[in-house]
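Since the structure comes first, as structure tokens, the remarks are kept for the end.
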Amino acid sequence: MQQQWELGQALRRRYNGFLNASYNRQEIFVRSTDFDRTLMSAEANLAGLYPPKGQQVFNPNISWQPIPVHTVPDHMEQLLRFPLSPCPRYEQLQNETRQTPEYVNKTIQNMQFLKMVANMTGIQDVSLESVWSVYDALFCEKMHKMHLPAWVTPMVMTQLKQLKDFSFNFIFGIHRRVEKARLQGGVLLSQIRKNLTLATKVSASHHFKMLMYSAHDTTLAALQTALNVYNGRQAPYASCHIFELYQDDDGNFSVEMFFRNESEKEPYALQLPGCEQRCPLVQFLQLTEPVISQDWKQECQIVSTMKDTELIVTLAVCGSLLFLLTILLLTVLFRVKSRPLGYRHISSGEEQP
27 MQQQWELGQA
37 LRRRYNGFLN
47 ASYNRQEIFV
57 RSTDFDRTLM
67 SAEANLAGLY
77 PPKGQQVFNP
87 NISWQPIPVH
97 TVPDHMEQLL
107 RFPLSPCPRY
117 EQLQNETRQT
127 PEYVNKTIQN
137 MQFLKMVANM
147 TGIQDVSLES
157 VWSVYDALFC
167 EKMHKMHLPA
177 WVTPMVMTQL
187 KQLKDFSFNF
197 IFGIHRRVEK
207 ARLQGGVLLS
217 QIRKNLTLAT
227 KVSASHHFKM
237 LMYSAHDTTL
247 AALQTALNVY
257 NGRQAPYASC
267 HIFELYQDDD
277 GNFSVEMFFR
287 NESEKEPYAL
297 QLPGCEQRCP
307 LVQFLQLTEP
317 VISQDWKQEC
327 QIVSTMKDTE
337 LIVTLAVCGS
347 LLFLLTILLL
357 TVLFRVKSRP
367 LGYRHISSGE
377 EQP
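Mapped onto our numbering, the consecutive letters of the sequence shown carry residue numbers 27 to 379.
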């Protein structure tokens with residue numbers, strides 16, 4: 027929370043004069059994954075970005091004000107939590123990645139170490155893909171100055187971190203990075219491209235000045251791998267990937283990217299491969315186009331059952347109606363045939379033929 031609050035203060039310093047000093051709901055939109063920690067991170071960040079002033083101070087003893095943070099249920103999250111699933115094609119690519127020399131050699135080199143970790147933790151299946159959970163737990167304990175088990179030496183922590191970094195590369199890279207990006211980080215990048223493009227429209231005078239996403243280290247890894255600027259290491263807490271949109275003197279637009287991963291330092295510039303640091307928006311869109319999926323479900327090879335379901339329901343309804351009509355028709359015919367002969371009224375006057 028302290029780190030996120032400091033990040034919010036850093037964003038205030040960076041964008042002071044661009045953003046209102048006081049919170050204005052027309053200027054900023056905040057979206058988070060549906061996890062307590064990411065929701066709390068967003069709120070702590072906003073506390074540093076928008077300390078209440080003037081009429082926004084609702085309690086003189088609280089230097090804080092509530093600011094909306096939007097989310098969707100985790101089972102509906104298809105933008106900020108990675109890796110995205112279900113995606114059969116992505117799983118196929120992961121199986122192919124497990125057969126690469128890089129993955130096989132890494133497994134062989136660390137086999138004894140992984141067995142040691144399994145014995146010490148009691149976790150039965152410790153692999154290059156699952157060892158990150160061990161490192162994550164120990165890292166959190168270390169950061170909170172808790173006592174670590176005797177077997178967790180500095181050398182062990184270093185090796186665990188290296189394997190966790192490798193697991194991130196396994197998830198989003200190593201083998202067929204571009205195709206993986208189309209199925210993973212490219213989804214978020216596609217939304218960011220839409221946000222940037224929308225902000226350039228003349229009709230977008232009331233467009234938000236800042237869109238903020240609060241998510242996970244895997245979110246950053248997926249996004250940066252799609253951009254081909256990932257440094258191969260896990261992002262630390264309160265890291266921030268920044269996209270800034272500028273309108274140049276000639277009326278054209280350009281994009282700059284920055285990454286803040288150290289609270290004591292200013293964000294460092296990120297350069298999209300194939301473009302300058304200040305990349306023209308048109309070129310930025312062209313260079314990132316290869317990792318943008320036009321039909322994610324189709325590329326994932328997910329067979330939609332919606333049409334099949336609709337067809338079954340339609341056939342069932344039609345069948346039921348046809349059955350009812352048949353019963354009705356048979357009933358009418360039966361009554362006509364069984365009706366006895368009798369008299370019928372003839373109007374007075376001329377005899378009817």
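Note that CB positions come from ideal geometry on N, CA and C, so glycine has one too. All values derive from a computational prediction rather than experimental measurement.
Discussion item. DSSP three-state label for glutamate 383, please.
Written reply: The question about residue 383 has no answer, for the chain in this structure spans 27 to 379.
Worksheet item: Is it the case that the Cβ atoms of histidine 233 and alanine 225 are separated by a distance below 8 Å?
Response: By one-based count along the sequence shown, residue 233 stands at place 207. By one-based count along the sequence shown, residue 225 stands at place 199. Yes, these two residues count as a Cβ contact at 8 Å.
Worksheet item: Hey, leucine 222 and leucine 307 are a contact pair by Cβ (cut 8 Å); roughly how many whole angstroms apart?
Response: Against the sequence shown, residue 222 aligns to sequence position 196. Against the sequence shown, residue 307 aligns to sequence position 281. Right, their Cβ atoms sit about 6 Å apart.
Worksheet item: Apart from the five residues on each side of it in sequence, which residues of its chain come closer than 8 Å, Cβ to Cβ, to serine 67?
Response: Here residue 67 is taken as the residue at index 41 of the sequence shown, counted from 1. Cβ neighbours of serine 67 beyond the five flanking positions: Met27, Gln30, Ser58, Ser240, Ala264.
Practice prompt. Provide the residue span of the beta strand (DSSP E) that contains isoleucine 197, from first to last.
Written response: In the sequence shown, the residue the question calls residue 197 occupies position 171. For isoleucine 197, no beta strand (DSSP E) encloses it; the enclosing alpha helix (DSSP H) starts and ends at 180 to 198.
Item to complete: At 4 residues or longer, and completely inside the segment 232 to 283: list those alpha helix (DSSP H) runs for me, N to C.
Response: As far as the segment 232 to 283 is concerned, its whole alpha helix (DSSP H) runs of at least 4 residues are 243 to 253.
Practice prompt. Since I believe proline 109 is in contact with isoleucine 197 (beta carbons under 8 Å), could you give me their beta-carbon distance rounded to a whole number of angstroms?
Written response: Taking the first residue of the sequence shown as 1, we reach residue 197 at position 171. Taking the first residue of the sequence shown as 1, we reach residue 109 at position 83. Confirmed, about 6 Å.
Item to complete: May I ask you to list the residues that DSSP assigns as paired with arginine 57?
Response: Residue mapping note: residue 57 aligns to position 31 of the sequence shown, counting from 1. Listed as beta-bridge partners of arginine 57 by DSSP are His96, Tyr239.
Practice prompt. Could you tell me which of Ile149, Arg208, Asn136, Leu214 sits nearest to lysine 187, measuring between CA atoms?
Written response: Here residue 187 is taken as the residue at index 161 of the sequence shown, counted from 1. Nearest C-alpha to lysine 187: Asn136.
Worksheet item: When the Cα of leucine 75 is compared with those of Leu105, Met102, Gly43, which residue comes out closest?
Response: Position 49 of the sequence shown holds residue 75. For leucine 75, the closest of Leu105, Met102, Gly43 by C-alpha to C-alpha distance is Gly43.
Worksheet item: Are the beta-carbon atoms of valine 56 and histidine 96 separated by less than 8 Å?
Response: If you number the sequence shown from 1, residue 56 lands on position 30. If you number the sequence shown from 1, residue 96 lands on position 70. Result yes, Cβ atoms of valine 56 and histidine 96 sit closer than 8 Å.
Worksheet item: At what residues does the alpha helix (DSSP H) containing leucine 75 begin and finish?
Response: Within the sequence shown, residue 75 is the residue found at index 49, counting from 1. 62 to 75 is the span of the alpha helix (DSSP H), which, as asked, contains leucine 75.
Practice prompt. Identify whether cysteine 305 lies in helix, strand or coil by the three-state DSSP scheme.
Written response: Position 279 of the sequence shown holds residue 305. Of the three classes helix, strand and coil, the one that applies to cysteine 305 here is strand, per DSSP.
Worksheet item: DSSP puts alanine 295 in a beta bridge; with which residues?
Response: Position 269 of the sequence shown, counted from the first residue, corresponds to residue 295. In the DSSP assignment, the residues bridged to alanine 295 are Phe284.
Item to complete: From the DSSP output, in three-state form, read off leucine 313 for me.
Response: Position 287 of the sequence shown holds residue 313. Leucine 313: helix per DSSP, three-state reduction.
Worksheet entry | Close Cβ partners of isoleucine 218 (< 7 Å) along its chain, the five nearest in sequence each way excluded | Position 192 of the sequence shown, counting from 1, holds the residue named residue 218. Excluding residues within five positions, the ones whose Cβ falls inside 7 Å are Phe269.
Worksheet item: Which residue comes first and which comes last in the alpha helix (DSSP H) that contains glutamine 135?
Response: By 1-based counting over the sequence shown, the position of residue 135 is 109. Where glutamine 135 is concerned, the enclosing alpha helix (DSSP H) stretches over 127 to 135.
Discussion item. Here's a check: name, in chain order, each residue in its chain whose Cβ is nearer than 6 Å to the Cβ of valine 178, leaving out the five neighbours to either side.
Written reply: Stepping through the sequence shown from its first residue, residue 178 is reached at position 152. Excluding residues within five positions, the ones whose Cβ falls inside 6 Å are Leu164.
Fill in: Exposure label - asparagine 121; buried when at least 16 CB within 10 Å
Working through the sequence shown from its first residue, we reach residue 121 at position 95. Looking at its Cβ environment, which holds fewer than 16 other Cβ atoms inside 10 Å, asparagine 121 is exposed.
Item to complete: Count the CB pairs spanning the segment 195 to 213 and the segment 315 to 327 that are closer than 8 Å, and state whether there are at least three.
Response: In short, these stretches touch, since the Cβ pair count reaches three.
Discussion item. Here's a check: name, in chain order, each residue in its chain whose Cβ is nearer than 7 Å to the Cβ of alanine 73, leaving out the five neighbours to either side.
Written reply: What you label residue 73 is simply residue 47 of the sequence shown in a count that begins at 1. The residues are Trp31, Gly34, Trp90.
Worksheet entry | Range covered by the alpha helix (DSSP H) that runs through valine 157 | Translated into positions along the sequence shown, residue 157 becomes position 131. 157 to 169 is the span of the alpha helix (DSSP H), which, as asked, contains valine 157.
Discussion item. For asparagine 46 and lysine 168, I'd like the C-alpha separation in whole angstroms.
Written reply: Taking the sequence shown and counting its residues from 1, one reaches residue 46 at position 20. Taking the sequence shown and counting its residues from 1, one reaches residue 168 at position 142. Here the C-alpha atom of asparagine 46 lies approximately 39 Å from the C-alpha atom of lysine 168.
Practice prompt. Would you give the residue range spanned by the alpha helix (DSSP H) that valine 213 belongs to?
Written response: Start at 1 with the first residue of the sequence shown, and residue 213 comes out as number 187. Its alpha helix (DSSP H) spans residues 211 to 225.
Practice prompt. State the Cα-Cα distance for the pair serine 289 and aspartate 151, rounded to the nearest angstrom.
Written response: Counting from 1 along the sequence shown, the entry for residue 289 is found at position 263. Counting from 1 along the sequence shown, the entry for residue 151 is found at position 125. Looking at the two C-alpha atoms, the distance is approximately 36 Å.
Practice prompt. List the endpoints of the continuous alpha helix (DSSP H) containing alanine 36.
Written response: For the purposes of this step, residue 36 is taken as the residue at position 10 of the sequence shown. From DSSP, the alpha helix (DSSP H) with alanine 36 extends over 28 to 41.
Worksheet entry | Exposure label - threonine 184; buried when at least 16 CB within 10 Å | Position 158 of the sequence shown, counting from 1, holds the residue named residue 184. Threonine 184 comes out exposed.
Worksheet item: Taking C-beta to C-beta, are valine 130 and valine 143 nearer than 8 Å?
Response: In the sequence shown, counting from the first residue as 1, residue 130 sits at position 104. In the sequence shown, counting from the first residue as 1, residue 143 sits at position 117. Result no, Cβ atoms of valine 130 and valine 143 do not sit closer than 8 Å.
Worksheet item: According to the neighbour-count rule (16 or more other Cβ atoms, all chains shown, within 10 Å of its Cβ), is valine 329 buried or exposed?
Response: The sequence position of residue 329 within the sequence shown is 303, counting from 1. Exposed: under 16 other Cβ atoms inside 10 Å.
Worksheet entry | Contact set for proline 78: own chain, Cβ-Cβ below 6 Å, skip 5 residues either direction | Counting from one through the sequence shown, the residue named residue 78 turns up at place 52. Contacts found: Gln91.
Discussion item. Please state whether the Cβ-Cβ distance between leucine 296 and phenylalanine 285 is less than 8 Å.
Written reply: What you label residue 296 is simply residue 270 of the sequence shown in a count that begins at 1. What you label residue 285 is simply residue 259 of the sequence shown in a count that begins at 1. Contact: yes.
Discussion item. Suppose you measure from the CA of valine 160 to the CA of isoleucine 93; what does that come to, to the nearest Å?
Written reply: As a working note, residue 160 is residue 134 in the sequence shown. As a working note, residue 93 is residue 67 in the sequence shown. Cα to Cα, the separation comes out at about 35 Å.
Worksheet entry | DSSP state of leucine 105 mapped onto helix, strand, coil | Position 79 of the sequence shown, counting from 1, holds the residue named residue 105. Assignment of leucine 105 by DSSP, reduced to helix, strand and coil, places it in the coil class.
Item to complete: In the DSSP assignment, find the alpha helix (DSSP H) that holds tryptophan 322 and state where it starts and stops.
Response: Walking along the sequence shown from the start, residue 322 turns up at place 296. Its alpha helix (DSSP H) spans residues 322 to 326.
Discussion item. From the DSSP secondary-structure annotation, give me the bridge partner or partners of leucine 45.
Written reply: The residue labelled residue 45 in the question sits at position 19 within the sequence shown. Beta-bridge pairing links leucine 45 to Asn42.
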